[in-house]
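K.L.:
Below are the structure tokens for one structure; questions will follow.
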Amino acid sequence: MKEKNSYYILNIVTIFIVTMFFSCNDSFKQVQKIGISENEPIGIEYNTNLKYTDSGRVVANLISSKYLDYSNRNFPFYEFTDGATLYIYDKENRKSTVVAEYAIVYTVTDLIDMQNNVVITTHDNQILKTDQLFYDQKREWLYTNKPVSFQTEQDVIYGNGFDSNSKFTNAEVLEVTGIITLED
């Protein structure tokens, strides 16, 4: 009878060990997510200074007092809730400045979405005002489909959209709705 009981115990222990062995899986990512909600940032950083370079040359520099890190999402991004200032440098190292009350940087697409009271001051003192502006870091391109006002030396041009390279050599107001010529 002792032999029979040992046989049953051995079988039970074997079944238990095999069950434990097959129930184990690689759950490292699940362990990392414990305590982190998918809707919460995984980090908050203060006094941020992000630089985007191309071949060792700084092309853009994003500065903000606070950003939220959502790199734990399927489509990761960084959110700048307290505003952001973006400096864009051309090949001659001339600086244009974009200021906004809110911004999001999408890391997969290298797209910066600037929103709320967006103001661009170009290196040659042209001024664009709009509610939203996108900056494509890869193509070094700025654009929007929102209403804009664009002030040059001679005119203030109003329209529904804007398209330009980062040098502003081919800046174009889309769907022009009005032009005011400035007097000297």
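Going by the numbering used here, the sequence shown runs without a break in its numbering and finishes at 185. Glycine included, every Cβ here is placed at the ideal spot set by N, Cα and C.
Comparing alpha-carbon positions, which option in Ala85, Lys168 and Glu80 lies nearest Ile141?
P.N.:
Position 140 of the sequence shown, counted from the start, is the residue given in the question as residue 141. The displayed chain sequence assigns Glu, not Ile, to residue 141. Residue Lys168 is the option with its Cα nearest to Glu141.
K.L.:
Helix, strand or coil for Leu183? Go by DSSP, reduced to three states.
P.N.:
Mapped onto the sequence shown, residue 183 falls at position 182. Coil at Leu183, not helix or strand.
K.L.:
Would you please state the rounded distance, in angstroms, between the beta carbons of Leu87 and Val99? I believe it to be under 8 Å.
P.N.:
The count along the sequence shown starts at 1 and reaches residue 87 at position 86. The count along the sequence shown starts at 1 and reaches residue 99 at position 98. So it is a contact: roughly 4 Å between Cβ atoms.
K.L.:
Of all the options Pro148, Leu183 and Val174, which has the alpha carbon lying nearest to the alpha carbon of Asn117?
P.N.:
As a first step, residue 117 is located in the sequence shown; it is residue number 116 there, counting from the start. Nearest C-alpha to Asn117: Pro148.
K.L.:
Mind checking which residues open and close the beta strand (DSSP E) that includes Asn109?
P.N.:
Locating residue 109 in the sequence shown gives position 108, counting from the first residue. Note on residue identity: the sequence assigns Val, not Asn, to residue 109. Note, Val109: premise wrong, no beta strand (DSSP E); not H, not E.
K.L.:
In angstroms with no decimal places, state the Cα-to-Cα distance between Tyr159 and Thr170.
P.N.:
Locating residue 159 in the sequence shown gives position 158, where the first residue counts as 1. Locating residue 170 in the sequence shown gives position 169, where the first residue counts as 1. Distance between the alpha carbons of Tyr159 and Thr170 is about 18 Å.
K.L.:
At 3 residues or longer, what runs of the beta strand (DSSP E) sit wholly inside the segment 95–150?
P.N.:
96–101, 103–107, 112–122 and 128–137
K.L.:
May I have the straight-line CA-CA distance separating Val32 from Glu80, to the nearest angstrom?
P.N.:
Taking the sequence shown and counting its residues from 1, the one referred to as residue 32 is at position 31. Taking the sequence shown and counting its residues from 1, the one referred to as residue 80 is at position 79. In this prediction, Val32 scores a pLDDT of 49, lower than 50, which makes its location untrustworthy; no coordinate-derived value is stated.
K.L.:
Would you report the Cα separation of Glu184 and Ile89, rounded to the nearest angstrom?
P.N.:
Your numbering for residue 184 matches position 183 in the sequence shown. Your numbering for residue 89 matches position 88 in the sequence shown. So the two alpha carbons sit approximately 30 Å from each other.
K.L.:
Taking 8 Å as the CB-CB cut-off, is Lys52 touching chain D?
P.N.:
Annotation note: the requested chain D is absent from the structure, which comprises a single protein chain.
K.L.:
Could you check where the beta strand (DSSP E) with Ser66 kicks off and where it finishes?
P.N.:
For this step, residue 66 is matched to residue 65 along the sequence shown. Counting along the chain, the beta strand (DSSP E) containing Ser66 begins and ends at Arg58 to Tyr71.
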